[in-house]
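Those protein sequence lines, which keep their order, are chains A and B.
So for the first sequence, the working numbering puts the first residue at 1; every next one is plus one.
So for the second sequence, the working numbering puts the first residue at 198; every next one is plus one.
Down below is the structure, laid out as structure tokens.
Protein chains: 2
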Amino acid sequence: MNSFNLKTFLTTNVEIDEQTIKEHIEKLKKIRIKKGNFLLRQGDICKHSFFVEEGLLKYYSIDEKGKQHILQFAPEGWFVVDRESMFFNQPSQYFIETLEDSVVTMMDEDVFAELSLQNKDFALFNNRLLHNHIRHLQNRINLLLSATAEERYLEFVKIYPDLLLRVPQTLVASYLGITPESLSRVRKDLATRRFQK
Amino acid sequence: MNSFNLKTFLTTNVEIDEQTIKEHIEKLKKIRIKKGNFLLRQGDICKHSFFVEEGLLKYYSIDEKGKQHILQFAPEGWFVVDRESMFFNQPSQYFIETLEDSVVTMMDEDVFAELSLQNKDFALFNNRLLHNHIRHLQNRINLLLSATAEERYLEFVKIYPDLLLRVPQTLVASYLGITPESLSRVRKDLATRRFQK
């Protein structure tokens, strides 16, 4: 199983001395959480960013008919957080749930804000995280508006190269905004074409 | 015609002395631009945020078949910018074009960064802008994944209350990710129900 350590992630991504990071990171709560448990439920106010060190989370909504809609998967090395709920202190519309047994570091809002105030490099890094988030969301909207099922699938494989074997097809289809039947068709078509090459 | 002044917008939204804002804002370029002109084209690197003082912009992509997909409308008082292109210095996938004769203030990236470094309140305001952007994008994805055509339409009317009379139906449908026929049906259904009440 892959493993990503938040301290390593930060020291490789931010020009900030290890001691400062260590001081802040060591205060953070790291939890082991079994598959099928919740880190956020609809109606809660999101109080933490979650950094996945091991395992896999899903971030999703449930519509009136009880159907799940996947906004994001978070495997090792990914952050997941409902920034809307956390920043604006509003009840979340979403759920965060473990799809596998996971190890997750919980950061409360203040950690990033404090580090940003103390350290300009960290502020820049935080800004980059926000812009990266916007980049992902914007691309996703453009794909949902304009791309075929196959294009969406290929983009999924690019973003999440090792998830196809870890995530049920119904959830992949939900992420892509297509039916499971359509996803099967896409996979079959791609396999046939690969075979013919 | 409504008119929104960037200076007024900032002084009412940020706790920052008028003099500081004035110094920065007065250096900015304000342009009058006729309907049907471009502020950003696919392949360009986006060098500015645009604040709409008068008029209306559309922010969109064009797919391989030449079809437009609207990511955002920007009427008076809205910002529009390809943050991905600007922040990561990458060629944009998108276009920004005037849908009406417009007056637009152009802010280059440095203005917000400089003001943020000089002034903590401005940094907080900028952070709020980024989170607000994320909030909009996330909601949009959730609607595209989970909402009916009618729900998407009602959300559109809430976000853009005065745009229905200013924007062609085909562009509204494109924003909603539905066909123009489906949009007509939704509007007819809603009108019938309103009439029956």
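Quick reminder that beta carbons are idealized off the backbone N, C-alpha and C, glycines included.
Owing to the predicted nature of the structure, the values given are computational and were not obtained by experimental measurement.
Sorting B:Leu296, B:Trp275, B:Phe235 and B:Leu225 by C-alpha distance to the C-alpha of Phe206 of chain B places B:Trp275 at the top.
The beta-carbon of Asn13 of chain A is placed no less than 9 angstroms from the nearest beta-carbon of chain B.
Every alpha helix (DSSP H) stretch that sits fully inside the stretch 65–116 of chain A and reaches 4 residues is listed by chain position as 83–88.
Under a criterion of Cβ atoms nearer than 7 angstroms, the residues of chain A adjacent to Asp260 of chain B are, in order, Ser146. If you compare the alpha carbons of A:Asp63, A:Ser102 and A:Glu53 with that of Leu342 of chain B, the shortest gap goes to A:Asp63. Your pair Ile338 of chain B and Leu137 of chain A checks out as a contact, with CB atoms roughly 6 angstroms apart and the cut at 8 angstroms. Counting C-beta atoms within 10 angstroms of its own C-beta, Gly36 of chain A has fewer than 16 neighbours from the protein chains shown and is therefore classed as exposed. Around the beta carbon of Ser282 of chain B, a 10 Å sphere encloses 16 or more other beta carbons of the protein chains shown; the residue is thus reported as buried.
Identification of residues in the stretch 120–143 of chain A having a C-beta nearer than 7 angstroms to some C-beta of chain B yields Leu130, His131, His133, Ile134, Arg135, Leu137, Gln138, Arg140, Ile141 and Asn142, given in sequence order.
Residue contact check for Gln93 of chain A against chain B: a CB pair falls below 9 angstroms. Against chain B, the CB of Gly43 of chain A has no partner CB under 9 angstroms away; the residue lies outside that interface. Where Val167 of chain A is concerned, there is no enclosing beta strand (DSSP E), because DSSP gives it neither an H nor an E. The continuous alpha helix (DSSP H) containing Ile159 of chain A extends over residues Ala149 to Ile159. DSSP, read as helix, strand or coil, puts Ile134 of chain A in helix. Taken in chain order, the whole beta strand (DSSP E) runs of length 3 or more contained in the stretch 22–70 of chain A are 29–33, 38–40, 48–54 and 56–62. Here Glu348 of chain B has Leu340 as same chain residues with Cβ atoms under 8 angstroms from its own Cβ, once five neighbours each way along the sequence are excluded. Counting only the Cα atoms, Leu327 of chain B lies some 22 angstroms from Met106 of chain A.
Taking 9 angstroms as the cut-off, the Cβ atoms of Leu314 of chain B and Gly252 of chain B do not count as close. Residue-level contact check: Gly263 of chain B does not touch chain A, since none of the beta carbons of chain A fall below 9 angstroms from its beta carbon. In this structure the stretch 181–190 of chain A does not lie against the stretch 224–233 of chain B, because fewer than three pairs of beta carbons, one per stretch, are closer than 8 angstroms. The C-beta of Ser381 of chain B has fewer than 16 other C-beta atoms within 10 Å across all chains shown, which makes the residue exposed. Annotated as proximal: Phe248 of chain B and Phe201 of chain B, with beta-carbon spacing under 9 angstroms. The Cβ neighbour count for Gly240 of chain B, taken over all protein chains shown within 10 Å, is under 16; the residue is labelled exposed. With respect to the 9 angstroms criterion, Ile70 of chain A and Tyr175 of chain A are classified as neighbours on the basis of their beta carbons. DSSP places Thr389 of chain B in the helix class (H, G or I) of the three-state scheme.
Using a Cβ-Cβ cut-off of 8 angstroms, Leu183 of chain A is close to nothing in chain B; its nearest Cβ partner there is about 14 angstroms away.
Identification of chain A residues near Phe284 of chain B by a Cβ-Cβ cut-off of 7 angstroms yields His131, ordered along the chain. Separation of the CB atoms of Val103 of chain A and Glu53 of chain A is rounded to 4 angstroms, and the pair is thereby assigned contact status at 8 angstroms. Per the C-alpha coordinates, the member of A:Tyr59, A:Arg166, A:Phe87 and A:Ile134 positioned closest to Asp108 of chain A is A:Phe87. Only residues of its own chain outside the window of five on either side were considered, and among them Gln265, His266, Ile267, Leu268, Tyr291 and Phe292 have a CB closer than 7 angstroms to the CB of Tyr257 of chain B, listed in chain order. In the three-state scheme derived from DSSP, where H, G and I count as helix and E and B as strand, Val14 of chain A is classed as coil. Exclusion of the five residues before and after Ala346 of chain B leaves Ile375, Ser379 and Val383 as the residues of its chain whose Cβ lies within less than 6 angstroms of its Cβ. Under a 10 Å Cβ-count criterion, Phe125 of chain A is classified as buried, with 16 or more other Cβ atoms of the shown protein chains found around its own Cβ. Look at Leu312 of chain B: its C-beta is not under 9 angstroms from any C-beta on chain A. Going by beta carbons, Asp101 of chain A and Leu40 of chain A fall outside the 9 angstroms limit.
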